[in-house]
Each structure stands twice: as structure tokens, then as C-alpha cells.
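Participant:
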Amino acid sequence: MSLHHTITGTGPTVILVHGVVHRGHAWDPIVPLLADHHRVVVVDLPGHGESPDVPADAEPVSYMADRLAEFVREVTPAGERPHIAGNSLGGFLGLELGARGLASGVTALSPAGFFRSDADRRHAGRLFSSIIKAAAVAGPAIPALSRTTIGRSLFMAVFCARPWRYPAEAMAIDGAAIGDNTVVTRLLDGDWVFSEPVDEQLPITVRWGRLDAALLVGQATQVPRVFPQARVERTWDGHVPMTDDPAGVAATIAADARRGRSRDQGTERAAG
1 MSLHHTITGT GPTVILVHGV VHRGHAWDPI VPLLADHHRV VVVDLPGHGE
51 SPDVPADAEP VSYMADRLAE FVREVTPAGE RPHIAGNSLG GFLGLELGAR
101 GLASGVTALS PAGFFRSDAD RRHAGRLFSS IIKAAAVAGP AIPALSRTTI
151 GRSLFMAVFC ARPWRYPAEA MAIDGAAIGD NTVVTRLLDG DWVFSEPVDE
201 QLPITVRWGR LDAALLVGQA TQVPRVFPQA RVERTWDGHV PMTDDPAGVA
251 ATIAADARRG RSRDQGTERA AG
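What follows is the structure, encoded as C-alpha cells:
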């Protein structure tokens with residue numbers, strides 16, 4: 001499968017993976033902050049943006065993980081392991097590919113897959129169902145709403161701590177994507193189970209917004225159960241922190257990428 005993607009800059013590879021109903025545009029505030037020193041790959045996941053859809057008979061979470069794993073192998077130069085950063089669904093997928101040994105390190109922003117109970121899963125389901133209904137009602141008015149501070153503040157408040165900062169063009173894309181997306185309701189009942197971690201020294205940072213209304217910050221307590229080595233940071237951001245704090249998010253990704261690269265290079269020297 002060929003997933004739609006863009007590549008910006010040169011240097012060590014960093015792959016950015018968006019969340020559900022987003023597409024690569026979610027990373028627009030971050031790419032310029034990384035591209036001076038990294039080869040930044042931004043991908044549209046299956047069922048999102050310009051990438052092919054998820055087959056109707058496929059379990060969507062594992063299907064996306066398998067297709068993303070193929071993509072990572074295809075897009076990364078030989079002999080290199082990329083750093084992967086992901087938000088929400090993308091955070092889960094980044095951690096899953098890290099568990100499979102395909103990343104030098106992972107930065108996960110409010111990642112899915114750490115539900116403490118069925119109540120957490122139901123909460124996320126109700127929230128996204130409400131967003132889908134609201135987008136259906138607002139429909140044609142969303143582009144106009146996106147051009148106003150009040151419109152962005154109301155529409156994006158469930159995702160961002162500072163929704164007025166969200167770009168108008170991005171909100172218009174999101175509004176259309178929510179209505180057109182065919183996989184979001186299937187993902188709510190998806191198989192959110194990680195592979196057994198193959199490398200418990202893999203550098204991982206999980207950054208979780210204290211103001212996350214979609215995946216509540218209390219779920220961060222579950223991270224050490226699966227990835228005991230992970231650094232867990234709780235920040236004053238929402239579920240999609242790339243516009244809340246672009247400089248902080250980019251700095252975390254860059255620092256994590258350096259850690260992973262240093263570790264890989266040290267392993268190579270020891271083997272040599």
C-alpha cells in the first residue's frame with residue numbers, strides 16, 4: 001500500500017503520525033520547527049486524508065499498524081531507524097511500531113490504548129459520537145465558523161486547551177473529514193492491544209495534556225504497565241497539543257530523537 005505523505009528537510013528521519021479524523025495537516029505547526037535538522041515525514045493514515053481506505057472486513061487498529069509498519073520500512077533510508085512521534089491514534093501506532101523494533105525512539109502525545117476501564121472507552125465513544133453529530137449539523141457553516149475566534153473556540157474546545165490558536169484552514173479540513181470519515185466509529189471498538197515490547201530500553205516519552213477532554217489524563221497512569229521505561233510528562237495542553245504548544249512539542253520530539261539516535265549509534269559502536 002502507498003500511503004500519502006510529504007517529506008521536508010534533511011537529516012535523521014522523524015515520522016509524524018496524526019490522530020483519528022485528522023490528516024497530515026495536524027502537524028503543520030511542528031514541521032517547520034523540526035525541518036532544519038531532520039528529514040520530516042508526515043503521513044496520512046489509512047482511511048484518512050489522501051491515503052486509501054481501510055477494507056470493510058479488516059480490524060482497523062491492527063490493519064493501520066501493519067500498513068504503517070510497511071510504510072516506515074519503505075520511507076526510511078537503509079541502515080536507519082526513524083524516530084516516530086504520534087498523537088492520539090498516532091501515538092498508539094508509534095508505540096506499537098516501537099514495540100515491534102521499527103523505531104529508534106517514540107514520542108506519544110495523549111496516546112490511545114491506555115483505557116483504565118470500559119468507562120474510559122465509553123467516554124471517548126460518546127465524545128466522538130457527539131462531535132460527529134455536531135459536525136453534521138454545522139456542516140456547510142464550518143468554513144465560515146473557522147474564520148472567527150469564537151467559532152474556533154467553540155468547535156475545537158474538546159481538542160485544544162487554546163482552541164482560538166487553531167488554524168482556520170485546519171478546522172475547515174477537520175470539519176469535512178469528520179463527516180466523510182468511514183473508520184472512526186469502527187475504531188472506537190478496535191483492538192487496542194500492544195505487541196509485547198521487544199526492547200524495554202527503547203527511549204519513549206509520553207506527553208499527556210492535563211486538559212485533554214477526549215482521553216483523560218488519568219490514563220497516563222497505565223503507561224508504565226506496558227512501557228516501564230517511558231518518561232511520562234503531564235502538560236497544560238489539550239488532546240491535540242500541536243497548536244497549544246508547538247515549540248514545546250517540537251522540542252520534546254527533537255530531544256527524544258537525539259536520545260534514540262545516540263542509543264542506536266552507541267549500539268552500533270559496541271557491535272563493531
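Residues in the sequence shown are numbered from 1 upward in steps of one, following our numbering. Where is the CB? At the ideal position from N, CA and C, for every residue including glycine. Keep in mind it's a predicted model, so treat the numbers as computed, not measured.
Which whole runs of the alpha helix (DSSP H) in the region 205-260 are 4 residues long or more, in chain order?
Facilitator: Counting only runs of 4 or more, we get 223-226, 241-244.
Participant: So, is residue 219 buried or exposed, given that buried needs 16 or more other C-beta atoms within 10 angstroms?
Facilitator: Buried: at least 16 other Cβ atoms inside 10 Å.
Participant: Helix, strand or coil for residue 58 per DSSP?
Facilitator: Note: residue 58 maps to coil in three-state DSSP.
Participant: Give the straight-line distance between the Cα atoms of residue 133 and residue 201, rounded to the nearest whole angstrom.
Facilitator: Cα-Cα distance, rounded: 43 Å.
Participant: Per DSSP, what kind of secondary structure is residue 182 in: helix, strand or coil?
Facilitator: Here residue 182 sits in coil by DSSP.
Participant: Leaving aside the five residues before and after residue 94 along the sequence, list all residues of the same chain whose C-beta is less than 6 Å from its C-beta, in chain order.
Facilitator: Here the set comprises 17, 84, 86, 106, 108.
Participant: Residue 7 to residue 110, Cα distance in whole Å?
Facilitator: Those two C-alpha atoms are separated by around 24 Å.
Participant: Mind checking who residue 85 pairs with in its DSSP beta bridge?
Facilitator: Answer is 16, 107, bridged to residue 85.
Participant: Relative to the alpha-carbon of residue 99, which residue among 204, 23, 233, 259 has its alpha-carbon at the smallest distance?
Facilitator: The shortest C-alpha separation from residue 99 is found at 204.
Participant: Looking at the structure shown, is residue 22 part of a helix, part of a strand, or coil, going by DSSP?
Facilitator: Three-state DSSP puts residue 22 in coil, outside helix and strand.
Participant: Any contact of the region 237-251 with the region 152-164, i.e. 3+ C-beta pairs under 8 Å?
Facilitator: In short, these stretches touch, since the Cβ pair count reaches three.
Participant: In the DSSP assignment, the beta strand (DSSP E) including residue 39 goes from what residue to what residue?
Facilitator: Looking at the DSSP string, the run of the beta strand (DSSP E) that includes residue 39 is 39-43.
Participant: Would you kindly work out how many angstroms separate the C-alpha atoms of residue 152 and residue 22, rounded to a whole number?
Facilitator: Taking the straight line joining both Cα atoms gives about 16 Å.
Participant: Rounding to the nearest angstrom, what Cα-Cα distance links residue 60 and residue 146 in this structure?
Facilitator: For residue 60 and residue 146, the distance between alpha carbons rounds to 30 Å.
Participant: What beta strand (DSSP E) runs, 3 residues minimum, are completely inside the region 92-141?
Facilitator: Runs found: 105-109.
Participant: Please report the straight-line C-alpha distance between residue 34 and residue 259, rounded to a whole angstrom.
Facilitator: Going by the C-alpha atoms only, they are around 15 Å apart.
Participant: Decide yes or no for the touch test of the region 135-145 against the region 49-57: beta carbon pairs closer than 8 Å, at least 3 of them.
Facilitator: Not touching, per the Cβ criterion.
Participant: Find the nearest neighbour of residue 131 within the set 178, 4, 265, judged by alpha-carbon distance.
Facilitator: Ranking the options by Cα distance to residue 131, first place goes to 178.
Participant: May I ask you to report which of helix, strand or coil DSSP gives residue 76?
Facilitator: Coil at residue 76, not helix or strand.
Participant: With a Cβ-Cβ cutoff of 8 Å, do residue 91 and residue 183 count as a contact?
Facilitator: Contact: no.
Participant: Measuring alpha carbon to alpha carbon, tell me which residue in 15, 9, 42, 73 is nearest residue 25.
Facilitator: Measuring from the Cα of residue 25, the nearest candidate turns out to be 42.
Participant: Please work out which residues of its chain come closer than 7 Å, Cβ to Cβ, to residue 247, disregarding the five sequence neighbours upstream and downstream, and give them in chain order.
Facilitator: 33, listed in sequence order.
Participant: Can you tell me where the alpha helix (DSSP H) holding residue 10 begins and where it ends?
Facilitator: Premise fails: residue 10 is in no alpha helix (DSSP H) and is neither H nor E.
Participant: Just reading off the alpha helix (DSSP H) that residue 193 is part of, what are its end residues?
Facilitator: Unbroken run through residue 193: none, as it is neither H nor E.
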